[in-house]
Amino acid sequence: MTFSLDQVKLGDKVDAEISRIVAWLTETVRGTLRRRGAVLGLSGGIDSSVVAALCVRAFGKDGVLGLFMNEGESADDTVRLARVVSDHLGIATATEDISGVLDAAGCYRRRDDAIRTVVPAYLADWKCKLVLPSVLESDRYRIYSIVVQSPAGEQVVARLSPAAYLEIVAATSFKQRTRKMLEYFHADRLVYAVAGTPNLLEYDQGFFVKNGDGAADVKPIAHLYKTQVYELAAALGIPDEIRARPPTTDTYSLPQSQEEFYFSLPYDRMDACLYARAHAVPAAEAAAVLGLAPDQIERVYRDIDAKRAAARYLHAPPITLR
Amino acid sequence: MSENEIKTRLREFVAKNFYLPDPKALTDQTSFLDQGIIDSTGVLELVTFVENEYGIAVADDDMVPANFDSIDALAGFVAKKRS
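Protein sequences, first through last, are from chains D and G. Take 347 as the starting number for the first sequence in the working numbering and just add one per residue. Take 2 as the starting number for the second sequence in the working numbering and just add one per residue.
In structure tokens form, the structure reads like this:
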């Protein structure tokens with residue numbers, strides 16, 4: 347079959363897919379796991395909004411708890427948009443400001459100390475983010491640089507040492523792990539399951555923190571391309587404001603798109619490349635459909651393979667001797 | 002320092018810092034990425050190592066597989082930078 351962008355879409359199968367997921371959620375959570383409902387973090391993004399709506403269909407609005415878990419560096423509209431979703435679905439919510447836990451664990455201090463090893467002028471009131479070079483423009487390795495910005499708006503870009511890079515990521519991962527700890531607190535007290543919210547791009551490419559947002563009892567959309575998650579969102583009646591919001595990481599203090607942090611292309615083209623790679627579509631054929639050069643697609647394919655290889659450790663459960 | 006000495010030192014660094022199931026199978030032409038020996042964080046470690054060990058500056062545009070993906074490529078890159 348000739349490769350086309352439509353192959354990534356569910357099209358008229360959306361409603362059937364929703365029914366399939368809802369039946370699976372009900373059977374898995376209530377039957378296999380013997381839990382009474384689901385808890386999940388709400389970010390105001392498309393993925394958590396769709397998972398919340400699916401959980402409402404499976405467990406009823408009285409069987410779902412949505413958590414708002416902002417911290418000092420969260421985007422301004424995170425909680426507001428998350429509340430738009432919870433109000434729309436009519437589910438119970440709880441607010442957990444995780445800034446205090448993160449501060450006590452040294453999340454910010456450890457990260458900032460690591461940043462200062464490469465940018466000595468960096469202070470606690472500066473903002474930062476990690477960025478990757480574009481995979482489309484050159485053969486350069488996908489190695490992170492740090493961008494810092496002073497309160498006056500002056501930006502500095504610096505290459506990270508291996509130690510600084512690893513420490514910044516390790517410290518920042520306190521955010522995802524703290525959120526998961528609170529999700530399990532509420533899950534335990536309510537006898538609920540924790541619903542994870544990764545889509546296929548994130549799940550396949552390892553765009554999650556091990557034992558952080560990577561931890562969950564069920565992952566109802568981990569088999570769906572992001573394009574398909576948007577199709578579900580429309581069918582489930584997720585508010586327009588959520589569906590129109592560009593995907594963001596909301597992990598670093600400077601605004602950061604998912605493309606510059608992890609993926610090499612906007613999500614719809616990344617979906618298409620992942621599909622093409624999985625179905626052995628020749629680079630030249632994918633390039634023609636996506637409006638890119640074949641060597642650019644080859645680089646995206648190599649990046650996909652490299653990330654998938656790195657994700658094996660993230661997916662690995664604890665290994666025991668038999 | 003000859004290119005052979007550089008290769009020996011690089012080989013020691015790779016063998017010490019990355020997992021090689023069979024160190025003898027690492028030829029001077031073995032692709033680190035294709036063989037899964039070194040990921041992008043590992044490349045960053047290689048960059049830092051050659052900068053510190055040989056007193057060279059690696060520019061962002063130098064960080065490409067043509068310069069870093071095998072013992073041969075790395076030794077050639079270091080020799081070129083030192084000359």
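Ideal placement from N, C-alpha and C gives every residue a C-beta, glycine not left out.
Where residue i falls: helix, strand or coil (DSSP)
i         : result
Thr424(D) : helix
Ile584(D) : coil
Ile57(G)  : coil
Gln574(D) : helix
Lys565(D) : coil
Gly412(D) : strand
Val537(D) : coil
Val503(D) : strand
Gln495(D) : strand
Val555(D) : coil
Thr441(D) : strand
Thr378(D) : helix
Leu386(D) : strand
Thr372(D) : helix
Thr1(G)   : Residue 1(G) lies beyond the stretch modelled for chain G, which goes from 2 to 84, so this question has no answer here.
Thr597(D) : coil
Residue i versus the options, residue with shortest Cα-Cα distance
i         : options                                    : result
Phe593(D) : Ala656(D), Arg658(D), Asp423(D)            : Checking the displayed sequence, the identity of residue 593(D) turns out to be Pro instead of Phe. That would be Asp423(D), whose Cα lies nearest to the Cα of Pro593(D).
Gly391(D) : Asp361(D), Ala369(D), Ala428(D), Arg525(D) : Ala428(D)
Arg523(D) : Ala562(D), Asp550(D), Ala470(D), Ala504(D) : Ala562(D)
Pro497(D) : Arg591(D), Ala399(D), Glu363(D), Asp471(D) : Asp471(D)
Pro601(D) : Val464(D), Gly637(D), Leu356(D), Ser420(D) : Ser420(D)
Pro585(D) : Ala451(D), His625(D), Thr374(D), Ala399(D) : Ala399(D)
Gly452(D) : Glu513(D), Ile643(D), Leu411(D)            : Glu513(D)
Leu476(D) : Leu435(D), Ser603(D), Glu631(D), Thr374(D) : Ser603(D)
Cβ pair residue i, residue j closer than 8 Å
i         : j         : result
Thr31(G)  : Pro508(D) : no
Val354(D) : Tyr621(D) : yes
Leu21(G)  : Leu75(G)  : no
Arg376(D) : Val537(D) : no
Asp617(D) : Thr666(D) : no
Gly56(G)  : Phe19(G)  : no
Val565(D) : Tyr549(D) : The sequence given here places Lys at residue 565(D); Val does not occur at that position. The answer is yes: Cβ separation under 8 Å.
Ala568(D) : Leu546(D) : yes
Tyr647(D) : Arg623(D) : yes
Asp63(G)  : Leu34(G)  : no
May I ask you to list, following chain order, the residues of the stretch 621-653 of chain D that have a beta carbon less than 7 Å from some beta carbon of chain G? Only Ala652 from the stretch 621-653 of chain D bring a Cβ to less than 7 Å from some Cβ of chain G.
For the stretch 17-40 of chain G, list every residue whose C-beta sits within 8 Å of some C-beta in chain D, in sequence order. From the stretch 17-40 of chain G, only Leu34, Gly37, Asp40 have a Cβ closer than 8 Å to chain D.
Threshold first: 3 residues or longer. Then list the beta strand (DSSP E) segments lying entirely within the stretch 600-634 of chain D, N to C. List check, beta strand (DSSP E) in window: nothing returned.
Report the start-end ranges of each alpha helix (DSSP H) in the stretch 452-484 of chain D that is 4 residues or longer and not cut off at the edges. 453-462, all fully within the stretch 452-484 of chain D.
If contact means a Cβ-Cβ distance below 9 Å, which residues of the stretch 480-507 of chain D contact chain G? So the close ones are Ser484, Asp485, Arg486, Tyr487, Arg488, Ile489, Tyr490, Ser491, Arg505, Leu506, Ser507.
Quick one: which residues of the stretch 40-51 of chain G get their C-beta closer than 7 Å to a C-beta of chain D? List them in chain order. Of all residues in the stretch 40-51 of chain G, Asp40, Ser41, Thr42, Val44, Leu45, Glu46, Thr49 have a Cβ within less than 7 Å of some Cβ in chain D.
Taking only beta carbons into account, state which residues of the stretch 56-69 of chain G come closer than 8 Å to chain D, listed in chain order. Here the close residues are Asp61, Asp62, Met64, Val65, Pro66, Ala67, Phe69.
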